[in-house]
Amino acid sequence: MLMDLFSTIILLICIYTFRHYCFTLNRLFGRQRHPYVDVETAVWPPITVLIAAHNEEAVVADIIKALLEADYPREKMTIIPVNDRSTDRTREIIDAFAEEHPSIEPFHRVGGKPGKAAALKEAMLRVNTEVVLIFDADYIPGKALLRQLVAPFFDPEIGAVMGRVVPLNVGKKCLTRLLDLERSGGYQVDQQARMNLHLVPQYGGTVAGVRKVALEEIGGWNQNALAEDTDLTYRLLLAGWKTAYENRAECYEEVPERWPVRVRQIMRWAKGHNQAMISYIVPTAKCSSLGWFERVDGVLLLGVYLMGPVLLLGWLLAVVLFYTGVQIGGGLTVLALGAFTTLGNFAAFFEIAAAARLDGSRQRIRLLPLTLFGFTVSLISVSQAAWQQAQESLFGSAELVWDKTERSRTAPVLDDPLSPAAHVLRGSL
Amino acid sequence: MWPWAPLGLTTVTAALLALPVTPALYELWKRGDAAPLPTSRHDGRIANFAEIFHSRLAPLRPQLERCRTQREVFLTSIDGMQVLLVGSNSEDFDFHPSLTECVDAIMLSQPALVPAGTVVEADLCTDSILELGEGSALRAARGASDIILGKNSVVLRWLHADGTIRLRPGSTAYGRISAGQSIWLEPGCVFEHMHSPQILTVDSHQGDVDQRDTKYVPSKIHVCQNHVCQTQEGTREDPQPAVLDGTDASDAFTSSRKRIRIQGDFVLAAGETLSANVIATGEIRLGHGAHLFGTAKSYKDTVIEQDACVHGGIVCGGTVELGPRSFVTGPLLAEADVFIARGTRVGEPDALTTISSCRIQIAAGCRLHGTVWARVRGSVEV
Numbered sequence: 000m001l002m003d004l005f006s007t008i009i010l011l012i013c014i015y016t017f018r019h020y021c022f023t024l025n026r027l028f029g030r031q032r033h034p035y036v037d038v039e040t041a042v043w044p045p046i047t048v049l050i051a052a053h054n055e056e057a058v059v060a061d062i063i064k065a066l067l068e069a070d071y072p073r074e075k076m077t078i079i080p081v082n083d084r085s086t087d088r089t090r091e092i093i094d095a096f097a098e099e100h101p102s103i104e105p106f107h108r109v110g111g112k113p114g115k116a117a118a119l120k121e122a123m124l125r126v127n128t129e130v131v132l133i134f135d136a137d138y139i140p141g142k143a144l145l146r147q148l149v150a151p152f153f154d155p156e157i158g159a160v161m162g163r164v165v166p167l168n169v170g171k172k173c174l175t176r177l178l179d180l181e182r183s184g185g186y187q188v189d190q191q192a193r194m195n196l197h198l199v200p201q202y203g204g205t206v207a208g209v210r211k212v213a214l215e216e217i218g219g220w221n222q223n224a225l226a227e228d229t230d231l232t233y234r235l236l237l238a239g240w241k242t243a244y245e246n247r248a249e250c251y252e253e254v255p256e257r258w259p260v261r262v263r264q265i266m267r268w269a270k271g272h273n274q275a276m277i278s279y280i281v282p283t284a285k286c287s288s289l290g291w292f293e294r295v296d297g298v299l300l301l302g303v304y305l306m307g308p309v310l311l312l313g314w315l316l317a318v319v320l321f322y323t324g325v326q327i328g329g330g331l332t333v334l335a336l337g338a339f340t341t342l343g344n345f346a347a348f349f350e351i352a353a354a355a356r357l358d359g360s361r362q363r364i365r366l367l368p369l370t371l372f373g374f375t376v377s378l379i380s381v382s383q384a385a386w387q388q389a390q391e392s393l394f395g396s397a398e399l400v401w402d403k404t405e406r407s408r409t410a411p412v413l414d415d416p417l418s419p420a421a422h423v424l425r426g427s428l
Numbered sequence: 000m001w002p003w004a005p006l007g008l009t010t011v012t013a014a015l016l017a018l019p020v021t022p023a024l025y026e027l028w029k030r031g032d033a034a035p036l037p038t039s040r041h042d043g044r045i046a047n048f049a050e051i052f053h054s055r056l057a058p059l060r061p062q063l064e065r066c067r068t069q070r071e072v073f074l075t076s077i078d079g080m081q082v083l084l085v086g087s088n089s090e091d092f093d094f095h096p097s098l099t100e101c102v103d104a105i106m107l108s109q110p111a112l113v114p115a116g117t118v119v120e121a122d123l124c125t126d127s128i129l130e131l132g133e134g135s136a137l138r139a140a141r142g143a144s145d146i147i148l149g150k151n152s153v154v155l156r157w158l159h160a161d162g163t164i165r166l167r168p169g170s171t172a173y174g175r176i177s178a179g180q181s182i183w184l185e186p187g188c189v190f191e192h193m194h195s196p197q198i199l200t201v202d203s204h205q206g207d208v209d210q211r212d213t214k215y216v217p218s219k220i221h222v223c224q225n226h227v228c229q230t231q232e233g234t235r236e237d238p239q240p241a242v243l244d245g246t247d248a249s250d251a252f253t254s255s256r257k258r259i260r261i262q263g264d265f266v267l268a269a270g271e272t273l274s275a276n277v278i279a280t281g282e283i284r285l286g287h288g289a290h291l292f293g294t295a296k297s298y299k300d301t302v303i304e305q306d307a308c309v310h311g312g313i314v315c316g317g318t319v320e321l322g323p324r325s326f327v328t329g330p331l332l333a334e335a336d337v338f339i340a341r342g343t344r345v346g347e348p349d350a351l352t353t354i355s356s357c358r359i360q361i362a363a364g365c366r367l368h369g370t371v372w373a374r375v376r377g378s379v380e381v
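Protein sequences, first through last, are from chains F and H.
All residue numbers for the first sequence refer to numbering that gives the first Met the number 0, where the first residue is 0 and numbers rise by one.
All residue numbers for the second sequence refer to numbering that gives the first Met the number 0, where the first residue is 0 and numbers rise by one.
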């Protein structure tokens, strides 16, 4: 029994290791697909930009300013800052911009169900364009970003688009430097490889776009989803819509600077992802309109956050089996395990290293051994999240709240000449 | 036993364990590569290089004017860039290597001719017509008027003219070429990335083409309702854009149109019309004179036969073949190649679009509006 479970865990780990290597080798040596990146001239469609904001007085001015400077036909762009029950100066700041710019149509939400998905669902009632772009309030889009995110929608099969997130506050702490490497691996290798291989790039909920018709077809935002982004990716996929990833549609974000904030963030992601896994793993595996590789990737993507507790369980079982004297297998098995420990364990780190190389980073690659520490924290956090979720499913679920990641920015930076961040951002605008 | 042995052993072991993370700790301490990754600054303007070059040289305009009045050549510098100001005309200034060597840029105020076979390594900025002689080569040029590339001449980096650019047979323009009015390409030309309100492929003997706005209005509009095609009579003279199902037929971006997903190939028979966005996992073929009001997406190849029209875009995982006199509103995005036959139009003068592919081959007599981007090689049929 224990041996069977252990074998299953080993098999799962091997599958994910293989997946890591496939993606990394594809990015290093495979054919790269950027089918929409060259669309620089077109009759651009009208768009609505939703800015999800909940107590964002420190950052909301920066994103509105950046959007107003964006290189997109002004008459075709409406900006809707979605102020969800903020208790700080967010409303005041948004209204001040709206008075000066008629293209800004604020939506101040004072009640209703909490959560980003619920806020976006209500905001969608005010949208009358075919393409909707979504940003969190702490993101600062560059000048060309909007057109890069809209271009894939010329493809009638595309229901959602995801851009690349680049950490801005990299140099602040050890954590931010590790998260920078992690984000590189996730976007530069993982997402782009899925795009290259016609698999399932993931809609990430910010620096993203969605086609209104597609959203309506699947019933709009799911207010009960903990991770509305993963939920949307799979509902679109099952309804025959694809998500496109635009690696060159880059946008700066601030990553958590404190470990407790990071732990909360990854636990929230893990819970949301696991919730989506429960809902969509069987429909994805059975969906006949998807290709085999798409189905496999879709299922594996749903399981990524479950692999944390699975790995922990595997380690525990290995110790138990060792001390109970159970024979793991013959020489071939030991050889396979030996090969895995030399190659398999490093698959995720190989991915990050490849991403750093593709990004042209030379010295940050030296931090790679330290990502083991970040990996350990993530492993424990996602395992804890899975454990909490299991308890909640047994004893009743907790109420949905807008669990916002703590911002490190304390004031707008775009107009601050002394801010190093402003220098970087101005360069990108 | 030496009493410090345990401590020594522990220290050596700790040092050995720390060795692999030493570079990491060093980087963490020195923060040698801790800046945010630079994000893409590409703003989609093809004439970016030309505009920057022009603005860098702008302070030298008064000096150039003096050179022009005195018909002299003067060497100066700006921002560490050696600039040759040429006030004389093409008869007096022949781009001789002795004049242009060690010069980063040349500003010309008079019409200029780069003699046949000459290689100019400096970037050119001219207020007047610039012509490259047969077999000459140029790094980059910006012209306030027209630029003509002679037979088998080469431009290596970029070219921009506020007026018209004409590429004579066999000439090659690597990198970006952009023109404020039009780009004319003759047989055998090679290009990569070009943009202009009008891009015309002409036969080498053809001095001009009919530049009237021949906005296409279909003679018949077929409305597809509940999978049954009905036909309504329209008029070719109607100056208004075709309107179908309450949507503007010239609008490539109407996702409210019905979406048809097909597992396998899709064929729209000759003369038929369909209003829908079509997605096929196989090939898409539009027969002779067929009309598609919507965008066609195929995982494999797409063939648009003679006189067929796509009032929308084409997205293709393989090769796109546009038959003679076909029309596509655009954008046209192909992951493999694009072959454009004689008489084809892509885009409209008031609705510029993009053609993007690895390789693009265009026959003579085509009219394209907007951006043409061949990631590997674009050429005009000989």
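Note that the Cβ used here is the ideal one computed from N, Cα and C, for glycine as well.
Cβ distance (whole Å) where residue i is taken to contact residue j below 8 angstroms
{"i": "F/GLY208", "j": "F/VAL160", "result": "4 angstroms"}
{"i": "H/ILE198", "j": "H/LEU367", "result": "4 angstroms"}
{"i": "H/THR328", "j": "H/VAL309", "result": "7 angstroms"}
{"i": "F/ALA248", "j": "F/LEU167", "result": "So it is not a contact: roughly 16 angstroms between Cβ atoms."}
{"i": "H/ARG341", "j": "H/ALA363", "result": "6 angstroms"}
{"i": "F/ILE139", "j": "F/CYS250", "result": "7 angstroms"}
{"i": "F/ILE217", "j": "F/ALA192", "result": "About 26 angstroms; that fails the 8 angstroms criterion."}
{"i": "H/ARG284", "j": "H/ASP306", "result": "That belief does not hold up - the Cβ atoms of H/ARG284 and H/ASP306 are roughly 14 angstroms apart, past 8 angstroms."}
{"i": "F/THR175", "j": "F/GLU256", "result": "6 angstroms"}
{"i": "F/ALA41", "j": "H/THR352", "result": "6 angstroms"}
{"i": "F/THR232", "j": "F/GLN201", "result": "5 angstroms"}
Chain H within 7 angstroms of residue i, Cβ atoms only
{"i": "F/VAL165", "result": "yes"}
{"i": "F/ALA41", "result": "yes"}
{"i": "F/GLY170", "result": "yes"}
{"i": "F/GLY110", "result": "no"}
{"i": "F/GLU249", "result": "yes"}
Residue-chain proximity (residue i, chain F), Cβ-Cβ < 7 angstroms
{"i": "H/PRO330", "result": "yes"}
{"i": "H/GLN239", "result": "Since pLDDT at H/GLN239 reaches only 38, below the 50 mark, its modelled position is unreliable, and no value is offered."}
{"i": "H/VAL314", "result": "yes"}
{"i": "H/VAL20", "result": "yes"}
{"i": "H/PRO35", "result": "yes"}
{"i": "H/ARG260", "result": "yes"}
{"i": "H/GLU50", "result": "no"}
{"i": "H/THR353", "result": "yes"}
{"i": "H/ASP382", "result": "Since the displayed chain H opens at 0 and closes at 381, residue 382 of chain H lies outside it and no answer follows."}
{"i": "H/GLU271", "result": "no"}
{"i": "H/GLU130", "result": "no"}
{"i": "H/ALA23", "result": "yes"}
{"i": "H/THR38", "result": "yes"}
{"i": "H/THR370", "result": "yes"}
{"i": "H/VAL242", "result": "For H/VAL242, the predicted structure reports a pLDDT of 44, less than 50, and the residue's modelled location is therefore unreliable. A value from the coordinates is still provided. No, its Cβ sits nowhere closer than 7 angstroms to a Cβ of chain F."}
{"i": "H/GLU185", "result": "no"}
{"i": "H/GLU334", "result": "yes"}
Three-way DSSP call (helix, strand, coil) for residue i in this model
{"i": "H/THR353", "result": "strand"}
{"i": "H/HIS368", "result": "strand"}
{"i": "F/THR16", "result": "helix"}
{"i": "H/ASP32", "result": "coil"}
{"i": "F/TRP220", "result": "coil"}
{"i": "F/GLU98", "result": "helix"}
{"i": "F/LYS171", "result": "coil"}
Buried or exposed (CB count within 10 angstroms, at least 16 for buried), residue i
{"i": "F/ILE265", "result": "buried"}
{"i": "F/THR375", "result": "exposed"}
{"i": "F/PHE28", "result": "exposed"}
{"i": "F/MET0", "result": "exposed"}
{"i": "F/SER392", "result": "exposed"}
Closer than 8 angstroms, Cβ to any Cβ of chain F: which residues of the region 273 to 300 of chain H, in chain order?
-> ASN276, VAL277, ILE278, GLY293, THR294 and LYS296
Check each residue of the region 23 to 35 of chain F: if its Cβ is closer than 8 angstroms to any Cβ of chain H, include it; give the result in chain order.
-> ARG32, PRO34 and TYR35
Which residues, taken in chain order from the region 372 to 385 of chain F, show a beta carbon closer than 8 angstroms to some beta carbon of chain H?
-> none
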